[in-house]
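2 protein chains.
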Amino acid sequence: MLHRPDAFNARCPTRQVLDRIGDKWAVLVLILLEQETLRFNELRRRIDSISQKMLSQTLKSLERDGLISRRAFATVPVTVEYSLTPLGRTLAGTVAALTQWAEAHIGEVEEAQRRYDRGEIAA
Amino acid sequence: MLHRPDAFNARCPTRQVLDRIGDKWAVLVLILLEQETLRFNELRRRIDSISQKMLSQTLKSLERDGLISRRAFATVPVTVEYSLTPLGRTLAGTVAALTQWAEAHIGEVEEAQRRYDRGEIAA
DNA sequence: GGATGTTGGTTCCCAATAGATACTAGGGAT
DNA sequence: ATCCCTAGTATCTATTGGGAACCAACATCC
Chain A
1 MLHRPDAFNA RCPTRQVLDR IGDKWAVLVL ILLEQETLRF NELRRRIDSI
51 SQKMLSQTLK SLERDGLISR RAFATVPVTV EYSLTPLGRT LAGTVAALTQ
101 WAEAHIGEVE EAQRRYDRGE IAA
Chain B
1 MLHRPDAFNA RCPTRQVLDR IGDKWAVLVL ILLEQETLRF NELRRRIDSI
51 SQKMLSQTLK SLERDGLISR RAFATVPVTV EYSLTPLGRT LAGTVAALTQ
101 WAEAHIGEVE EAQRRYDRGE IAA
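Line order of the protein sequences matches chains A and B. Read in this note's numbering, the first sequence has 45 at position 45, and its numbers run on one by one without any break. Read in this note's numbering, the second sequence has 81 at position 81, and its numbers run on one by one without any break.
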């Protein structure tokens, strides 16, 4: 029935990509870098409530996946710039569609949550 | 600079939606239900390696958000059907674009990972 | 001249979450 | 009687996330 790579099979590598997208911090980093190259602490300041650890970890994963590139300059203190690769740029476009959906439909989602919490399980 | 709801602010509800999309199981459920209405154990069998607990939890969240609807029938044993709501259907379309990206670019991602793991931090 | 702040991280610890396993109820089939 | 089916829940543990402290090397403040 499924003629394409089966993302529902845990062994399928497509699932790995899906798992990466399923990282909220990665999504936010991609969206920010789509607009401009940023340094580590600039990213940290812009993404409210992200910890250094998670930012560092997220950037490392994205770099490993070839989605962003890291450039360090031997200034004092050291300067590190992160930017999207061409591959990352194609993903950022797709991810932007998700944030647009979120912004467009957040009202409906919140209303559904209120209805659900009041006990109305209506469709 | 940002004229739209600020997803980078933790207090912005848009971020909640982003967090929901950032759930790998939710994404897989949405994709499956886009094609047909399915029962609990059918979903469980199709999504390789999901546990009963996580499926149950994921379905409950999606229902609360108004993205899927649950219908129980008093058969023996009880039958429970899950299907997309109109709202969920609009999201499933957007999410499908992500899986298409994953399937199209998985090769590039894997090659980047191999390069990174060999120590070539090249852009 | 010592305290503090900057850079981009890493390490440690604890709380929260994910996942595996077992259990429930109310039957049906063997 | 015993095992299986349904759709979950309860419990326990493994993994992960987040907070805070620490690092080097310098610049500035007082």
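We put the beta carbon where it would ideally sit given N, CA and C, even for glycine.
Check: Strand pairing of residue 82(A), partner residues [DSSP]; Outcome: 38(A) and 70(A)
Check: Residue environment, residue 24(A), which counts as buried when at least 16 other CB atoms sit within 10 Å; Outcome: buried
Check: Per-residue contacts from residue 58(A) into chain B (C-beta, under 7 Å); Outcome: Correct list: empty, because the minimum Cβ distance to chain B is about 12 Å.
Check: Chain-ordered neighbours of residue 80(B) on chain A, where CB pairs are closer than 7 Å; Outcome: Near residue 80(B) there are no residues of chain A at all, since even the closest Cβ is about 12 Å away, more than 7 Å.
Check: Inter-residue spacing [alpha-carbon to alpha-carbon] between residue 49(B) and residue 82(B); Outcome: 19 Å
Check: Three-state secondary structure (DSSP) of residue 56(A); Outcome: helix
Check: Buried versus exposed call for residue 72(A) [16 or more other C-beta atoms within 10 Å across all chains shown]; Outcome: exposed
Check: Residue 69(B) burial status per 10 Å Cβ neighbour count (16 or more: buried); Outcome: buried
Check: Chain-ordered neighbours of residue 24(A) on chain B, where CB pairs are closer than 7 Å; Outcome: 18, 19 and 22
Check: Residue 117(B) - DSSP class collapsed to helix/strand/coil; Outcome: helix
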